[in-house]
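**Q** Residues 0 to 144 (numbering that gives the first Met the number 0) make up the sequence shown, in order.
Backbone N, C-alpha and C fix where the C-beta goes; we use that ideal spot for every residue, glycine too.
None of the values given here were measured: they were computed from a predicted structure.
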Amino acid sequence: MGLLDWVFGGGRGGKAGGAAGASAPGLKVVPLAERQPERAITSPLVEVTEANEDGRNRQLEIAECSAGDEVVLSIEPRPRMQPKAVSVHSAKSGARLGYLPIDVAGYLLLHLKRHDFRTVITEIRGESDTAREVDLKIEFYAKDR
Numbered sequence: 000m001g002l003l004d005w006v007f008g009g010g011r012g013g014k015a016g017g018a019a020g021a022s023a024p025g026l027k028v029v030p031l032a033e034r035q036p037e038r039a040i041t042s043p044l045v046e047v048t049e050a051n052e053d054g055r056n057r058q059l060e061i062a063e064c065s066a067g068d069e070v071v072l073s074i075e076p077r078p079r080m081q082p083k084a085v086s087v088h089s090a091k092s093g094a095r096l097g098y099l100p101i102d103v104a105g106y107l108l109l110h111l112k113r114h115d116f117r118t119v120i121t122e123i124r125g126e127s128d129t130a131r132e133v134d135l136k137i138e139f140y141a142k143d144r
């Protein structure tokens with residue numbers, strides 16, 4: 000069995016195609032409708048005034064969002080001896096909106112094995128002529144075992 004078979008669902012008990020092959024390795028959409036969150040925390044976004052790799056300003060991406068929109072968290076590897084970063088992306092466009100503060104990112108990484116997360120924009124502060132600031136609510140759901 001080759002590496003590609005394993006990555007795309009053919010190895011280690013996975014089945015080719017279907018749900019196992021539909022998502023990237025290690026990533027899956029978890030239905031949360033039947034569960035209640037154990038707890039929730041709030042956090043601001045940081046680095047919201049930087050430009051993304053494609054050149055678009057994150058402020059333009061934030062302008063397209065509104066309170067109540069879900070966002071996607073992504074762990075970004077960092078060079079050795081630096082803490083991992085958790086970036087926040089728009090669920091609509093996939094564009095990076097910013098990052099979680101390093102202490103919040105560390106807290107989430109500690110709970111990654113036991114919890115699923117749902118993250119929602121709670122508030123966007125600021126006008127179009129100033130930098131918009133974004134607050135998030137992160138809900139923790141116990142993983143099904």
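1. Expressed to the nearest angstrom, what Euclidean distance is found between the alpha-carbon atoms of V147 and G105?
2. So for A141, helix, strand or coil by DSSP?
3. With C-beta atoms as the reference, is R57 less than 7 Å away from L96?
4. Start and end of the beta strand (DSSP E) containing G97?
5. Note down, in chain order, each residue of its chain lying with its Cβ closer than 8 Å to the Cβ of T41, except the 5 sequence neighbours on either side.
6. Can you give me the start and stop residues for the beta strand (DSSP E) that R69 sits inside?
**A** So, from the listed chains and residues:
1. As shown, the chain starts at 0 and ends at 144. That puts residue 147 outside it, with no answer to give.
2. Locating residue 141 in the sequence shown gives position 142, where the first residue counts as 1. Residue state, collapsed to three classes: strand.
3. The residue labelled residue 57 in the question sits at position 58 within the sequence shown. The residue labelled residue 96 in the question sits at position 97 within the sequence shown. In this structure, L96 lies closer than 7 Å to R57 by Cβ.
4. On the sequence shown, position 98 is the one that residue 97 refers to. In this chain, the beta strand (DSSP E) harbouring G97 covers 95-98.
5. Reading the sequence shown from its first residue, position 42 is the one you call residue 41. Excluding positions up to five away in sequence, the list reads T121, D134, L135, K136, I137.
6. Reading the sequence shown from its first residue, position 70 is the one you call residue 69. Contrary to the premise, residue 69 reads as Glu rather than Arg in this sequence. 69-75 is the span of the beta strand (DSSP E), which, as asked, contains E69.
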